[in-house]
């Protein structure tokens, strides 16, 4: 029986406020704190949160479910801290905007996700940030030559989309260190199971957590992981936002982010000033599902990589296939580097090009039964996409060719099915596409 007078309150009031009290039980799975905000126990607790960042107030700023997944990601990547956001594109945007401002410059690999190319080529340009794209990403001297006094970051993918190009991360990180700027690596395709760029000298890693980390094609999410090696003494003059005094109550000066966070200044700035203000907050439910996916990451990626190697080796023997861009094959230009950087597997996303044209590719895709035709990657199911008519359609023929996308090019993301079934499905589709070509020529 209630003794606080709640029994006399009206029905509408009771349906909102009546609930069990007491400490929450210790759940084995990640608890889902699906709430916009958190109650303050005491009046002073609210002031302490806004003044010192203690505790929780609003999920856009911090949430226990999200922080649990961030902790796991930081540990898996060998980083100091991680920041979970609403999508992979948000992760790239937040990570780079924490480093770059108007009048500054980025050096990027040409061989990156087309959405990222569009972001830095079009949107960043409108913000006054210029980007130099490098095609010869294996030429470390070319990276160094592209750096200007206003350059604030180098950016590349660990395994590129869509031709499986690699960069020599240790060599490139040495270039970045000489100039006091960070090397940012999109590690989506490799995942921390196959490759941990921070351990090889990179400074910041980003992920589309929607892909392999979540693994089941059910949610969106992105992640930033920082090495925690920001050196304010050496690089503070390049990043004044990290070393300038902060503003406290009444406008009073407070310690800078670098003074408060030390080597974690970059990710602290992203967490405090970029992500919450631009607002790409992940749902706690999505964070939970990403966390669930991470628990089987190694099992899935190991199986997917083995399947991909078997499929790529088989495709390379087929007369209907002009080329296979898979770094696990000796024919790939970066295979030797891949043997060094990827000893546990070469990943499971790659492209191959059919002999024929766009119509040949269309007939091939339409004949597939096991592969799912959709725009996604890293799913437990095998997926296929025709980049020239989808993700790379806005580019000219010459621009597509420069990144390895021709009319007959197809991108596949290999899943965990039985490899024999995947090969049988591809064989039937190849036969259907070629028979149609023969019939048209007859």
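In the numbering used here, the protein residues as written are 209 to 650.
No residue lacks a Cβ here, since even glycine has one placed at the ideal position from N, Cα and C.
Remember, it's a predicted structure, so these values are computed and weren't measured experimentally.
Residue 472, DSSP secondary structure in three states
helix
So residue 438 and residue 392 are in contact, right, with Cβ under 8 Å, and what is the actual spacing, rounded?
Incorrect: roughly 13 Å between the Cβ atoms, too far for contact.
Helix, strand or coil for residue 289, going by three-state DSSP, please let me know.
strand
Taking only three categories from DSSP, how would you classify residue 256?
helix
Name the DSSP beta bridge partners of residue 338, please?
313
Can you tell me the Cβ-Cβ gap for residue 637 and residue 569, rounded? I've got them flagged as a contact below 8 Å.
The pair is not a contact, with the Cβ atoms about 10 Å apart (cut-off 8 Å).
Within the same chain, show all residues whose beta-carbon is closer than 6 Å to that of residue 648, passing over the 5 residues directly before and after it, in chain order.
Annotation note: pLDDT 49 at residue 648 (below 50); position unreliable, coordinate value reported separately. Nothing listed; no residue qualifies.
For residue 300, the nearest candidate out of 287, 310, 316 (CA to CA)
316
Count the other CB atoms within 10 Å of the CB of residue 633; is the residue buried (16 or more) or exposed (fewer)?
buried
DSSP state of residue 413, grouped into three classes?
strand
Residue span of the alpha helix (DSSP H) that contains residue 232, given as start and end:
Unbroken run through residue 232: none, as it is neither H nor E.
Stretch pair the region 234–243 + the region 488–498: three plus CB contacts closer than 8 Å
yes
Mind checking whether residue 490 and residue 444 have CB atoms under 7 Å apart?
no
Tell me the DSSP bridge mates of residue 205?
The first residue shown for the chain is 209 and the last is 650, placing residue 205 beyond what the model contains.
List, from N- to C-terminal side, the alpha helix (DSSP H) runs of 4 residues or more that fit wholly inside the region 596–621.
605–610
CA-to-CA distance, residue 229 to residue 222, given in whole angstroms:
14 Å
Taking residue 242 as part of the beta strand (DSSP E), name the residues at either end of that continuous run.
Counting along the chain, residue 242 falls outside any beta strand (DSSP E), and DSSP gives it neither H nor E.
Alpha carbon to alpha carbon, how far is residue 333 from residue 479? Give it in angstroms, no decimals.
24 Å
Return the chain-ordered ranges of every beta strand (DSSP E) run that is complete within the region 423–464 and spans a minimum of 3 residues.
430–434
Pair every Cβ in the region 605–618 with every Cβ in the region 557–569, then say whether three or more of these pairs are closer than 8 Å.
yes
To the nearest angstrom, how far is it from the Cα of residue 619 to the Cα of residue 594?
6 Å
Contact the region 513–531 vs the region 325–341: 3+ CB pairs below 8 Å:
no
If you run the structure through DSSP and keep just helix, strand and coil, what is residue 401?
helix
Boundaries of the beta strand (DSSP E) in which residue 250 is found, first to last residue:
First-last for residue 250: undefined, no H or E at that position.
How many Å lie between residue 686 and residue 353 at the Cα?
There is simply no residue 686 to check, as the chain begins at 209 and stops at 650 in what is shown.
So, do the region 401–415 and the region 586–602 have three or more beta carbon pairs nearer to each other than 8 Å?
no
For residue 361 and residue 552, what's the separation of their Cα atoms in angstroms?
29 Å
Given this structure, state the Cα-to-Cα distance separating residue 433 from residue 372, to the nearest angstrom.
22 Å
According to DSSP, simplified to helix, strand and coil, what is residue 579?
coil
Pick from 627, 617, 626 that is closest to residue 369, judged by C-alpha positions:
617
Name the DSSP bridge partner or partners of residue 324?
None, per the DSSP bridge assignment.
Own chain residues within Cβ distance below 7 Å of residue 351, not counting five before or after:
315, 342, 362, 380, 383
Using a Cβ-Cβ cutoff of less than 6 Å, which residues in the same chain neighbour residue 262 once the five nearest sequence positions on both sides are dropped?
256
So, at 8 Å on beta carbons, what are the nonlocal neighbours of residue 227 in its own chain, with the 5 sequence-adjacent residues on each side left out?
none
Taking the C-alpha atoms as reference points, what is the distance between residue 385 and residue 298?
26 Å
Within its chain, find whatever has a CB closer than 6 Å to the CB of residue 266; leave out the 5 residues flanking it on each side and keep chain order.
245
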